[in-house]
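Undergrad: Per my numbering, numbering through the sequence shown is continuous, rising by one, with the last residue being 914.
The beta carbon of each residue, even a glycine, is placed where N, CA and C say it ideally should be.
One structure coming up, written as structure tokens, with questions to follow.
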Amino acid sequence: MARGLPKKLPIAGVEKVIVVASGKGGVGKSTTAVNLALGLAANDESKRVGLLDADVYGPSLPTMMNVNEEPELNKQNLMIPLQNYGLKCMSMGFLVEENAPIVWRGMMVMSAIQKLLRQVAWGPLDYLVVDMPPGTGDTQLSISQNIPVNGAVIVSTPQDIALLDARKGAEMFRKVEVPVLGLVQNMSVYVCPKCGHHEHIFGKDGIDKIATAMNLDILGDIPLNKHIREGCDSGKPILVTDPNCPEMAQLRFATSEIHQPDIYFCIPHLQGYCQKSGRDFEKSKGQDYKAWGPLDYLVVDMPPGTGDTQLSISQNIPVNGAVIVSTPQDIALLDARKGAEMFRKVEVPVLGLVQNMSVYVCPKCGHHEHIFGKDGIDKIATAMNLDILGDIPLNKHIREGCDSGKPILVTDPNCPEVRLRVLILIKFLSSKGYSSLFSFGLKCHTFIGINMALDCWIYLYVHLVRNDIWQYSRRFTYSS
Numbered sequence: 435m436a437r438g439l440p441k442k443l444p445i446a447g448v449e450k451v452i453v454v455a456s457g458k459g460g461v462g463k464s465t466t467a468v469n470l471a472l473g474l475a476a477n478d479e480s481k482r483v484g485l486l487d488a489d490v491y492g493p494s495l496p497t498m499m500n501v502n503e504e505p506e507l508n509k510q511n512l513m514i515p516l517q518n519y520g521l522k523c524m525s526m527g528f529l530v531e532e533n534a535p536i537v538w539r540g541m542m543v544m545s546a547i548q549k550l551l552r553q554v555a556w557g558p559l560d561y562l563v564v565d566m567p568p569g570t571g572d573t574q575l576s577i578s579q580n581i582p583v584n585g586a587v588i589v590s591t592p593q594d595i596a597l598l599d600a601r602k603g604a605e606m607f608r609k610v611e612v613p614v615l616g617l618v619q620n621m622s623v624y625v626c627p628k629c630g631h632h633e634h635i636f637g638k639d640g641i642d643k644i645a646t647a648m649n650l651d652i653l654g655d656i657p658l659n660k661h662i663r664e665g666c667d668s669g670k671p672i673l674v675t676d677p678n679c680p681e682m683a684q685l686r687f688a689t690s691e692i693h694q695p696d697i698y699f700c701i702p703h704l705q706g707y708c709q710k711s712g713r714d715f716e717k718s719k720g721q722d723y724k725a726w727g728p729l730d731y732l733v734v735d736m737p738p739g740t741g742d743t744q745l746s747i748s749q750n751i752p753v754n755g756a757v758i759v760s761t762p763q764d765i766a767l768l769d770a771r772k773g774a775e776m777f778r779k780v781e782v783p784v785l786g787l788v789q790n791m792s793v794y795v796c797p798k799c800g801h802h803e804h805i806f807g808k809d810g811i812d813k814i815a816t817a818m819n820l821d822i823l824g825d826i827p828l829n830k831h832i833r834e835g836c837d838s839g840k841p842i843l844v845t846d847p848n849c850p851e852v853r854l855r856v857l858i859l860i861k862f863l864s865s866k867g868y869s870s871l872f873s874f875g876l877k878c879h880t881f882i883g884i885n886m887a888l889d890c891w892i893y894l895y896v897h898l899v900r901n902d903i904w905q906y907s908r909r910f911t912y913s914s
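See the structure below:
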């Protein structure tokens, strides 16, 4: 007989819990969570709103809300949330040093989440907005199964890869009996501030198809706007500095309509959705589970974070090096630094940094816009004595290649945005003598950084196996 879901116990003093989630990192989930909480408070000043940062590995709340003190304890030995802009805030980032990587296994993370939920003096609150980590893993299941969640908001960019994971996230919440309140599309369009040209860098209309297919509302359609990013990095969210911001108008309006649906899809248990627990495989006589070889290089695309997967791989196989990918955004760079520190702690050499989405060049007027910031990666590279292996612009053709299954360096091997930096990388790796197993370790805040980096490694692999390393290196040297 199948067991039902565990009994859900409310958080003391909290009326409703709304979680903000995404399938991919780097889609603007934390930005949405912060502004959603601010919108709930602004629409009705009588409402008391709290904000919990449940992303243990990459907490963003201290930066975005400009609060970074250690919480005090009350007489009941509960942590008192820090407050700013009328919101009660709590984050793992308040309890650890800013640049310290949190390198924990799953059970430690679950224990920390329970403390952030149960050992904080949240009440009285009308709403607690929970900023989830990306994905559909332990944290999402633990929160959804242990506390009554009134609804989930799913955030995605228009990119096909992100939308696919957004749909998986929505399905997961439905299967654990959490109503999905709607979708927020972020970075939907970029408008050149100089000529007014509209560019759908990450795709167009994809979220409409998912909303229709899953019978979900679209709660917000937020453009790619550097002022929104600047607000996050400076600790002054856009709804604080500009409450009537037109880019956030739809999201703020949607907060006034948020309620728990009367009817929603649910199932009595998780059997058939979450697979049975795995078991250890014992190698029998005559069996061989090694299906990779012979390989000169194995490139491993890591999930974001500094948790179980990173530790398991780093501690169980000889890893020759890690490449860290980040956007120029301050919050992303902070997590990139933590990722580099983690790999160093487990004795994995950090080969260098790749900066993605460094600049957008308007195809109509040529205007250069540093939407996500400028030169931040140079400071980290200098501080940590690391090389910058790549500096890749924001380019819709690169995204289109990822979505179509035809990476840009397959369809356009001479792509100027990527090729020169890959050649530098080839030279660098060759000079270091890396061979045998090469692990591509990622601690990145942005999913498109992963995809772009995979393009780089496809190109790298092609020329390595064809023994053209020095030929292409010489071409680069002579042409430059």
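Hey, how far is the Cα of residue 649 from the Cα of residue 562?
TA: By 1-based counting over the sequence shown, the position of residue 649 is 215. By 1-based counting over the sequence shown, the position of residue 562 is 128. One C-alpha to the other measures close to 25 angstroms.
Undergrad: Tell me the rounded alpha-carbon separation between residue 454 and residue 785.
TA: By 1-based counting over the sequence shown, the position of residue 454 is 20. By 1-based counting over the sequence shown, the position of residue 785 is 351. Using only the alpha carbons, I get a separation of about 34 angstroms.
Undergrad: Near residue 485, what residues of its chain come up, given a Cβ to Cβ distance below 6 angstroms and the 5 sequence neighbours on each side ignored?
TA: Along the sequence shown, read from residue 1 onward, the residue named residue 485 stands at position 51. Same-chain partners within the cutoff: 471, 521, 523, 563.
Undergrad: Taking only three categories from DSSP, how would you classify residue 406?
TA: Residue coverage of the chain in this structure runs from 435 to 914, which leaves residue 406 outside it and unanswerable.
Undergrad: Would you check if there are 3 or more beta carbon pairs closer than 8 angstroms linking the region 766-780 to the region 744-756?
TA: Yes, the region 766-780 is in contact with the region 744-756.
Undergrad: Three or more C-beta pairs closer than 8 angstroms, one from the region 496-511 and one from the region 575-592: is that the case here?
TA: Judged by Cβ distances under 8 angstroms, the region 496-511 makes no contact with the region 575-592, as fewer than three pairs qualify.
Undergrad: Reducing DSSP to helix, strand and coil, say where residue 773 ends up.
TA: Within the sequence shown, residue 773 is the residue found at index 339, counting from 1. If DSSP states are grouped into helix, strand and coil, residue 773 belongs with the helices.
Undergrad: Are at least three pairs of beta-carbons, each pair with one atom in the region 626-645 and one in the region 595-606, less than 8 angstroms apart?
TA: Enough Cβ pairs lie closer than 8 angstroms, so yes.
Undergrad: Under 8 angstroms, with one C-beta from each stretch per pair, do the region 608-617 and the region 461-476 reach the 3-pair mark?
TA: The answer is no - the region 461-476 does not touch the region 608-617, with fewer than three Cβ pairs under 8 angstroms.
Undergrad: Does the region 821-829 touch the region 787-804, meaning 3 or more C-beta pairs lie closer than 8 angstroms?
TA: Taking 8 angstroms as the limit for Cβ pairs, the verdict is that the region 821-829 does touch the region 787-804.
Undergrad: Going by beta carbon distance, what residues of the same chain come within less than 8 angstroms of residue 726, once the five residues before and after it are set aside?
TA: Within the sequence shown, numbered from 1, the residue matching residue 726 stands at position 292. Around residue 726: 732.
Undergrad: Could you check the C-alpha separation between residue 449 and residue 558 for me, to the nearest Å?
TA: The residue you call residue 449 lines up with position 15 of the sequence shown. The residue you call residue 558 lines up with position 124 of the sequence shown. Roughly 8 angstroms between the two C-alpha positions.
Undergrad: Are there three or more Cβ pairs, one per stretch, closer than 8 angstroms when the region 652-667 is compared with the region 838-852?
TA: Too few Cβ pairs lie closer than 8 angstroms, so no.
Undergrad: Is residue 522 helix, strand or coil when you go by DSSP?
TA: Here residue 522 refers to the residue found at position 88 of the sequence shown. Reduced to three states, the DSSP call for residue 522 is strand.
Undergrad: Out of 739, 814, 752, point me to the one whose CA is closest to residue 460's CA.
TA: The residue you call residue 460 lines up with position 26 of the sequence shown. The option with the nearest alpha carbon to residue 460 is 739.
Undergrad: Do you know how far the Cα of residue 832 is from the Cα of residue 467?
TA: What you label residue 467 is simply residue 33 of the sequence shown in a count that begins at 1. What you label residue 832 is simply residue 398 of the sequence shown in a count that begins at 1. Rounded to the nearest angstrom, the two C-alpha atoms are 28 angstroms apart.
Undergrad: Could you round the C-beta distance between residue 527 and residue 568 to whole angstroms and report it? I think they count as a contact, below 8 angstroms.
TA: Walking along the sequence shown from the start, residue 527 turns up at place 93. Walking along the sequence shown from the start, residue 568 turns up at place 134. The Cβ separation is near 16 angstroms, so there is no contact.
Undergrad: Please go through the region 489-562 and give each complete beta strand (DSSP E) segment of 3 or more residues, from N-terminal end onward.
TA: Segments of the beta strand (DSSP E) lying fully in the region 489-562: 516-518, 521-525.
Undergrad: I'd like the ranges of any beta strand (DSSP E) spanning at least 3 consecutive residues and lying wholly in the region 747-817.
TA: You should have 756-760, 784-795.
Undergrad: If contacts are defined as beta-carbon pairs under 8 angstroms, then residue 768 and residue 497 qualify, I think. What distance do you get, rounded to the angstrom?
TA: Position 334 of the sequence shown, counting from 1, holds the residue named residue 768. Position 63 of the sequence shown, counting from 1, holds the residue named residue 497. The Cβ separation is near 7 angstroms, so the contact holds.
Undergrad: Out of 759, 764, 734, 766, which one is the CA nearest neighbour of residue 752?
TA: Counting from 1 along the sequence shown, the entry for residue 752 is found at position 318. The option with the nearest alpha carbon to residue 752 is 734.
Undergrad: Roughly how many angstroms separate the alpha carbons of residue 798 and residue 629, rounded to a whole number?
TA: Position 364 of the sequence shown, counting from 1, holds the residue named residue 798. Position 195 of the sequence shown, counting from 1, holds the residue named residue 629. So the alpha carbons of these two residues sit roughly 8 angstroms apart.
Undergrad: Go ahead and pull the three-state DSSP assignment for residue 680.
TA: Within the sequence shown, the letter at position 246 stands for residue 680. The answer is helix: DSSP assigns residue 680 an H, G or I state.
Undergrad: According to DSSP, is residue 461 helix, strand or coil?
TA: In the sequence shown, the residue the question calls residue 461 occupies position 27. Looking at residue 461 - three-state DSSP - the assignment turns out to be coil, as it is neither helix nor strand.
Undergrad: Whose CA, out of 603, 670, 638, 675, lies closest to the CA of residue 658?
TA: Here residue 658 is taken as the residue at index 224 of the sequence shown, counted from 1. For the residues 603, 670, 638, 675, the minimum Cα distance to residue 658 belongs to 638.
Undergrad: Hey, how far is the Cα of residue 545 from the Cα of residue 808?
TA: Residue 545 sits at position 111 when you count from the first residue of the sequence shown. Residue 808 sits at position 374 when you count from the first residue of the sequence shown. Spanning the two alpha carbons is a distance of roughly 38 angstroms.
Undergrad: Spatial neighbours of residue 616 within its chain, please: CB distance less than 6 angstroms, with the 5 preceding and 5 following residues excluded, ordered by chain position.
TA: Position 182 of the sequence shown, counted from the start, is the residue given in the question as residue 616. Only 650, 651, 653 meet the Cβ criterion.
Undergrad: Report the start-end ranges of each alpha helix (DSSP H) in the region 580-668 that is 4 residues or longer and not cut off at the edges.
TA: Correct list: 594-609, 640-648, 660-668.
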